[in-house]
Amino acid sequence: MCKLSCYGLSPDAIADVLDKDTRTIATWQKGVANKSNRFHDFVCLSITLTVLFVQLDELWSFLRTEVTQPH
């Protein structure tokens, strides 16, 4: 769902692709936004880190590697 949003699909189009109700997509998007805010508060604000931008593909690759090959 997030990837489809990043490609610029509207909530209606995402609902059509995933065969879900538009209200379900809106709920998912709100959930992602809330978790993103909590992540930001925990990581960035707790250590006074300033993040200019995050490359999500690089973050995902790092997290996937950590899950399969923890240090």
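Residue numbers (the numbering used here): -19 to 51. Even glycine gets a Cβ: it sits at the ideal position worked out from N, Cα and C. Please read all numbers here as calculations on a predicted model, not as lab measurements.
Among the options, nearest to residue i - alpha-carbon criterion
i, options, result
"K(-17)", "T45, Q49, L32 and W40", "W40"
"C80", "R44, T7 and Q35", "Limits of the chain in this structure are -19 at one end and 51 at the other, which puts residue 80 out of reach."
"R3", "S(-10), I27 and N14", "S(-10)"
"T7", "Q49, M(-19) and F42", "M(-19)"
Cβ-based burial, residue i [other Cβ within 10 Å; buried from 16]
i, result
"D5", "What sits at residue 5 in the sequence shown is Ile, not Asp. Buried, by the Cβ-count rule."
is_contact[residue i, chain C] using C-beta, thresh 8 Å
i, result
"D(-8)", "Chain labels in this structure do not include chain C; a single protein chain is all it has."
CB of residue i within 8 Å of CB of residue j, strictly
i, j, result
"A(-5)", "D1", "yes"
Inter-residue spacing [alpha-carbon to alpha-carbon] between residue i and residue j
i, j, result
"D37", "T45", "12 Å"
"L43", "D21", "19 Å"
"F33", "D(-1)", "32 Å"
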